[in-house]
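Going down the list, the protein sequences come from chains Z and A.
When the first sequence is numbered by the working numbering, its final residue is 134 and no position is left out of the sequence of numbers.
When the second sequence is numbered by the working numbering, its final residue is 1134 and no position is left out of the sequence of numbers.
Built from N, CA and C at the ideal position, the CB exists for glycine as well.
Fair warning: this is a prediction, and the values are worked out from it, not measured in the lab.
Report on one structure; see the data block that follows.
There are 2 protein chains.
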Amino acid sequence: MTDAPPRMTKQRAAVLTVLKQGGFRSAQDWHDRLRHDGSTAGLATVYRALQALTDTGDVDTVLTETGETLYRLCEAREEHHHHLRCRACGAAEDIDMPSIEGWAASVGAEHGYSRIDHTVELTGVCSDCAKAGR
Amino acid sequence: MTDAPPRMTKQRAAVLTVLKQGGFRSAQDWHDRLRHDGSTAGLATVYRALQALTDTGDVDTVLTETGETLYRLCEAREEHHHHLRCRACGAAEDIDMPSIEGWAASVGAEHGYSRIDHTVELTGVCSDCAKAGR
DNA sequence: ATCTAAGTGATAATCATTGTCAAAGAGGAG
DNA sequence: CTCCTCTTTGACAATGATTATCACTTAGAT
Ligand SMILES: [Zn+2]
Ligand SMILES: [Zn+2]
Ligand SMILES: [Zn+2]
Ligand SMILES: [Zn+2]
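Here it is as structure tokens:
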């Protein structure tokens, strides 16, 4: 019943390769980097690849305060986790706070809510960027 | 040095009134409700009023997973807090988790990040909506 | 009444993201 | 290899929330 995984094409391989540069970046950013590296992949294809990789759990996404989606190659695929992200350069650390998971569920139950979901994200400025004056 | 607060106009009063209906709703939703109540306020004016009210701390905002901004009259203006929101009807409870504030700062410091900010939001389905089958 | 700066609302512009669709590419069968 | 079929691609249009414009109105002040 699980859909067959999409075929690995030249474009998707290129997306995966550029993602290894690391950091949370927008689809357009990743697309720019691909073109810079010689790929001719279209923007729509990059969006499709990122969407597919997100669905399979190979890519993490976060939403900025402007509603833009940022994508990053996921390092700890199996575990649910959260991020501490540098607002200046896109670098990010995986963080986990096991107690938050249970806290979210119990707060929801206390108020009579079901199907609880939660969002926990931290942003800041990493030490490198702070040294460079942002 | 603080900018003079914007004048209280008929339109802003109308926005404040309709906001008392409660719940987190989009700017367009609030605009529809205003028109339904007889106001002729334009959509741009509603956006401006919501923005101004947000700046003064009279309105809370939250970002949906689709990047849409939702606005709600703020009940506990002075305290920094987080929300448990019903995805079906927009109802929301203020929640606070004082330990999260310190945790965010210390996790940031551990990783060498400065200027830490954080997002903690819960969503679910409230008991009324659950009874009504969503 | 007159002047002036702020506020309004219809509309156009912006911008990330998604939809469309004809053309290109990859397999498979013959 | 050739023909057929299904997937993927990429240029481009469409969407939808938000913001910018700008001529017009309004609320105070003189
Ligand atoms: Zn950085
Ligand atoms: Zn979690
Ligand atoms: Zn509800
Ligand atoms: Zn907080």
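When C-beta distances to chain Z are compared with 9 Å, every residue of the segment 1026-1041 of chain A stays at or above that value. In this structure, R134/Z and V120/Z do not form a Cβ contact; the two beta carbons are roughly 25 Å apart against a cut-off of 8 Å.
Taking a 10 Å sphere around the C-beta of E93/Z, we find 16 or more other C-beta atoms and assign the residue as buried. Proximity of H1111/A to chain Z, defined by a Cβ-Cβ separation below 8 Å, is satisfied. When the five nearest sequence neighbours on each side are left out, the beta carbons in the same chain lying within less than 8 Å of the beta carbon of R87/Z are those of T123, G124 and V125, in order along the chain. In this structure D60/Z is buried. Its beta-carbon is surrounded by 16 or more other beta-carbon atoms within 10 angstroms.
One Cα belongs to R85/Z, the other to C1074/A, and the distance between them is close to 28 Å. S39/Z sits buried, since 16 or more C-beta atoms from the chains shown fall within 10 Å of its C-beta.
According to the DSSP assignment, A1130/A belongs to the alpha helix (DSSP H) that extends over S1127 to K1131.
The bridge partners DSSP lists for L1070/A are S1026/A and V1062/A. At a cut-off of 3 residues, the continuous stretches assigned as beta strand (DSSP E) that sit fully inside the segment 82-124 of chain Z are 82-86 and 92-95. Taking 8 Å as the threshold, the shortest C-beta distance from D94/Z to chain A does not fall below it. Of the heavy atoms belonging to ligand 2, at least one sits nearer than 7 Å to the Cβ of V120/Z.
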